[in-house]
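Trainee: I have a structure here, written as structure tokens, and I will follow up with some questions on it.
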Amino acid sequence: MGVGLISVSGGEHLDALGVAYALGFAGANALGTTLFGRWGPPPESTPLEQMAWELTLGGLMLLPVAWSGLPALEGVDTGGWAALAFMSLVGTALAAIVWQRGLNILPVQQVSLLAPLSPLTAVLLDIAFVGRVLSPLQWLGAALVLGSVLLSSRK
């Protein structure tokens with residue numbers, strides 16, 4: 315609920331397909347985190363190797379979507395390619411390595427509580443660097459996310 319309140323502002327509305335994708339991601343993420351906690355990493359693997367497998371398998375799963383006729387990258391300018399490179403290296407590769415490291419050393423229950431903080435962090439960075447102004451409902455969503463993580467982390 316909190317993430318939904320953060321995400322919807324102004325004249326925007328929730329899209330059924332977007333909600334389905336978000337729920338699918340949440341389910342796949344929860345399943346992956348749970349299975350990783352149950353089975354654990356192979357003893358000889360590093361977080362970098364684990365991340366490489368994770369991103370490779372995720373990319374293979376997305377390949378049919380890429381071939382399904384989504385808009386091509388023809389009109390992307392230099393700034394767009396720089397943003398894509400940044401998101402690929404920092405927002406995906408580095409983040410995945412840190413995530414895998416966390417899965418290796420933290421209990422799975424603690425790691426699963428961090429997922430809702432991702433959209434909250436994105437919004438806070440948007441406020442800091444872009445100057446975005448949140449509506450009262452978005453602030454309520456941020457409070458719900460932070461409160462749920464804090465309440466869930468209590469022992």
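Going letter by letter, the sequence shown gives residues 315 to 469 in the working numbering. The beta carbon of each residue, even a glycine, is placed where N, CA and C say it ideally should be.
Quick check: the Cα distance between Glu368 and Leu408, rounded to an integer number of angstroms?
Mentor: 13 Å
Trainee: Would Leu349 and Leu458 be called neighbours here (beta carbons separated by less than 8 Å)?
Mentor: Contact annotation: Leu349 and Leu458 have beta-carbon atoms that are not nearer than 8 Å.
Trainee: Could you give the residue range of the alpha helix (DSSP H) that holds Val437?
Mentor: 431 to 444
Trainee: Do Met365 and Ile411 have their CB atoms nearer than 8 Å?
Mentor: yes
Trainee: With distances taken Cα to Cα, identify the nearest neighbour of Leu464 among Gly372, Val390, Gly394, Val425.
Mentor: Val425
Trainee: Which value, in whole angstroms, describes the spacing of the CA atoms of Asp391 and Gly405?
Mentor: 20 Å
Trainee: Check this for me: beta carbons of Asn343 and Ala436, under 8 Å apart or not?
Mentor: no
Trainee: Excluding the five sequence neighbours on either side, which residues of its own chain have a C-beta within less than 7 Å of the C-beta of Leu454, listed in chain order?
Mentor: Hits under 7 Å: Leu319.
Trainee: Excluding five sequence neighbours on each side, which residues of the same chain lie with their C-beta closer than 7 Å to the C-beta of Leu362?
Mentor: Ile411
Trainee: Between Leu434 and Leu460, how many whole angstroms is the CB-CB distance? I'm expecting something under 8 Å.
Mentor: 7 Å
Trainee: Using 8 Å for Cβ pairs, my map puts Arg427 next to Ser467. What's the rounded Cβ distance?
Mentor: The amino acid at residue 427 is misidentified as Arg; the sequence shows Leu. Rounded, the Cβ-Cβ distance is 6 Å, consistent with contact.
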